[in-house]
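Asker: Here it is, the structure in full.
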Amino acid sequence: MPTKRTMQQAKGNRGQRTTDNGGRGFDSLEANLTGQRGRPTQPYGRIRNLPIGLSERVRAASINSLNQILADTIMVRELYKKNHWQVTGPTFYALHLLFDKHYNEQVVLADTLAERVQILGGVSVAAPHDVVQLTKVERPPRDAEEVPVQLSRLLEAHEIILETAHQAVRRATDDGDDGTADLLIGQVIRTHEMQVWFVGAHLSDVPLLHAEQPTEMVGERMAPRGRGRVEA
Ligand SMILES: [Fe+2]
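The number in the numbering used here is simply the position in the sequence shown, starting from 1, with 525 added.
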């Protein structure tokens, strides 16, 4: 929506014609460069007709799924950076590095997904407020959170994306959109599964300093072997 000020600026710009260079004018030199608004080159939701051998119906369905996955990917990407900055505790260094590695992998995925939307003739979701409106990933608080909460949020976000991606692959395969299916299987699903493994491995309740002794049945009672062993 153009403001009163920007409309006045636009009017003013058009009125400033200087023709002291043989009639060609210096509008581009004198015009205000900011405050300009115009019609979109392509409205969100409208599909450009590109000759890639896929019907508009098929491309529309893929664009829809890809934009959903893109919005969720941008959310998980930013969740990784938030956690990279805010992580604390004895696993700080390992997680600080891991979160940034995963962030960078999500940067690549977001770019690939957005460009696939454009390749199919769509408009990729991009601005943060649009991402927040579209995403299915729960919004984290501004607070810094404990490591298990950080990891849990990440795993949930990954699963949301994986579920959507698996559904999208089945539909794209049935529809013959091989490029979208290939991208989702080879890049999106593989990357997320790998990241789930690395994140999930940290949510394992293992001792940090002393190995836990195996327990064995002594009569009817469970007793630790070694230290404090209950003799039968
Ligand atoms: Fe950093």
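We treat Cβ as the ideally placed atom computed from N, Cα and C, and that holds for glycine.
What is the residue span of the alpha helix (DSSP H) that PRO615 lies within?
Answerer: Segment: none, PRO615 is in no alpha helix (DSSP H) and carries neither H nor E.
Asker: Could you tell me the boundaries of the alpha helix (DSSP H) in which GLU555 lies?
Answerer: 552-555
Asker: Does GLN738 pass the burial test, meaning 16 or more other C-beta atoms within 10 Å, or should it be called exposed?
Answerer: exposed
Asker: On a Cα-Cα basis, can you pick out the residue from ALA635, PHE617 and LEU645 that is closest to ILE714?
Answerer: ALA635
Asker: If I follow the unbroken alpha helix (DSSP H) through GLU688, where does it start and stop?
Answerer: 672-700
Asker: Under three-state DSSP, which class holds LEU709?
Answerer: helix
Asker: State the Cα-Cα distance for the pair ALA652 and ILE572, rounded to the nearest angstrom.
Answerer: 19 Å
Asker: Which runs of the alpha helix (DSSP H) spanning at least 4 residues fall entirely within the segment 595-657, listed in chain order?
Answerer: 617-644
Asker: Does the Cβ of HIS609 lie closer than 7 Å to at least one heavy atom of ligand 1?
Answerer: For HIS609, the shortest C-beta to heavy atom distance toward ligand 1 is below 7 Å.
Asker: Could you tell me the alpha carbon to alpha carbon distance between GLU555 and PRO568, rounded to whole angstroms?
Answerer: 30 Å
Asker: Measure how close the beta-carbons of VAL601 and ALA690 come, nearest whole angstrom, since I'm counting them as under 8 Å.
Answerer: In fact, because the Cβ distance is near 12 Å, the residues do not count as touching under 8 Å.
Asker: Can you list, in chain order, the residues of its chain with a C-beta nearer than 6 Å to that of LEU708? Leave out the 5 residues immediately preceding and following it.
Answerer: ARG641
Asker: Check this for me: beta carbons of ASN592 and LEU687, under 8 Å apart or not?
Answerer: no
Asker: Around the Cβ of GLN758, are there at least 16 other Cβ atoms within 10 angstroms (buried) or fewer (exposed)?
Answerer: The question about residue 758 has no answer, for the chain in this structure spans 526 to 757.
Asker: Leaving out five residues before and five after PRO615 in sequence, what residues of the same chain have Cβ atoms less than 8 Å from its Cβ?
Answerer: Hits under 8 Å: LEU733.
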